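The sequence shown lines up with residues 2 to 320 when you count with our numbering.
Quick notes on the structure that follows.
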Amino acid sequence: AGAVLEYAGWAVAMHLWFLAVYLVVVSLTPIAVAAQRRWGLLAPSALAVAVAVVDAVRLGAHVQYLDWLNYLLAWGALYQLGICWRGGHLAGRRPALLAAASTATLALLIWARLYPVSMIGVPGQTIDNTTPPTVALLAFAGAQTGIVMALAPTLNRVLRAAGVRRALAIGNRNIMALYLWHMIPVVVVAVVGYPAGLLPQPEEGTADWWLARAEWVAILAAVTGAEIAVLWVGRRVFAAPLPQFGVPWPQRAGAPVLLLGAAMAAYALSVLAAGGFAPDGQFPWWVAGLFAAGVLLVALRPTRAARPQPASRDGRPAS
């Protein structure tokens, strides 16, 4: 029972890695925007080179724990690419060139057998392209990004219709909840259906097996729809802005405290994503406490005004 609970807890929590990465890169947005304004496309290019260097060192020299850097470098490169796009650095033919160059790079890496074809973890692979992200995954993402950016003008024209915009707005308000919690229906249906004999397993590849796959998808779609409906009703609670609490600290302490809290919360989320909600069959209370402490630090806002600088004899602030 403990092993089943542990696996179910991991399956539900594994997608939280995205929130950990998202929290970090969003916290670094001022730095990313400053880099875009100063260096333009050189900023994501430098991050991409750094990903390749980390891959070469960790895979060639087998340096432990260095791979963690690629979570920041690879996803940071894509985030930086988005900022460059918004800043006008990827206009004209540049998105198509990005897609072509990324596709060529990915094909070369796979052809040279430096990385596996699958971009997700598959049992038996010596290299996992996702944990941590590799330069192959970055090239794959770059190709997708270039294609989407190239299609952006056409998509914008399609989205001018009021009905399409309304449908898109509804989808956008639910997409994060769907991504983060779409494994809950899988776990619920499996836990209820398999022990009760409601989900037979025909021989793989047969017509009955394919029919069972269709039934499985239909059941999951129904349960997922019910789950999204519940989350939609509770949006005022689940999606409420984080409250802020004033503290008598100097203003200069605001940014360091916020970044520390974001780092604590991101680390807690990464631990949950790796180990799940029930490692060894027990809820990790220390991780929950670390996450809560990080969120509390993010919610703190200094209220003490900065001290005015003493004026010199000529009336100007003293340096």
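Ideal placement from N, C-alpha and C gives every residue a C-beta, glycine not left out.
These numbers were taken from a predicted model, which means no experiment stands behind them.
- Annotation for PHE292: the continuous alpha helix (DSSP H) segment containing it runs 286–300.
- Judged by DSSP in its simplified three-state form, GLY247 adopts strand.
- Assignment of THR104 by DSSP, reduced to helix, strand and coil, places it in the helix class.
- Only residues of its own chain outside the window of five on either side were considered, and among them ASN71, ALA75 have a CB closer than 6 Å to the CB of PRO134, listed in chain order.
- Put simply, of THR146, ALA9, PHE246 the residue whose alpha carbon is nearest the alpha carbon of TRP182 is ALA9.
- Selection PHE292, GLY255, VAL258 evaluated against VAL272 yields PHE292 as nearest (Cα-Cα).
- By the C-beta density criterion, TYR80 is buried, having at least 16 other C-beta atoms within 10 angstroms.
- Proximity of the region 139–152 to the region 84–103 meets the contact definition, three or more beta-carbon pairs being nearer than 8 Å.
- In the three-state reduction of the DSSP assignment, ARG236 falls in the helix class, which pools H, G and I.
- As a beta-bridge residue in DSSP terms, ARG305 pairs with PRO251.
- Secondary structure note for THR155: its alpha helix (DSSP H) is the uninterrupted segment 136–159.
- For THR30, the closest alpha carbon among the candidates ALA47, VAL50, MET15, LEU82 is that of LEU82.
- For the set ALA12, GLY295, THR131, the Cα lying nearest the Cα of ILE121 is the one of THR131.
- Pairing VAL136 with THR106 gives a Cβ-Cβ distance under 9 Å.
- Comparing alpha-carbon positions, the option among VAL22, VAL189, LEU42 lying closest to ALA223 turns out to be VAL189.
- In the three-state reduction of the DSSP assignment, THR207 falls in the coil class.
- Only residues of its own chain outside the window of five on either side were considered, and among them PRO303 have a CB closer than 6 Å to the CB of GLY255, listed in chain order.
- Linking ALA269 to HIS63 through their CA atoms gives a straight-line distance of about 26 Å.
- Relative to the Cα of MET184, the nearest Cα in the group LEU221, GLY206, GLY93 belongs to LEU221.
- Within a 10 Å sphere around the beta-carbon of PHE278 sit 16 or more other beta-carbons, which makes this residue buried.
- When the Cα atoms are used, VAL55 and LEU67 turn out to be separated by approximately 7 Å.
- In the DSSP annotation of this structure, the continuous segment of the alpha helix (DSSP H) that includes VAL54 starts and ends at 43–61.
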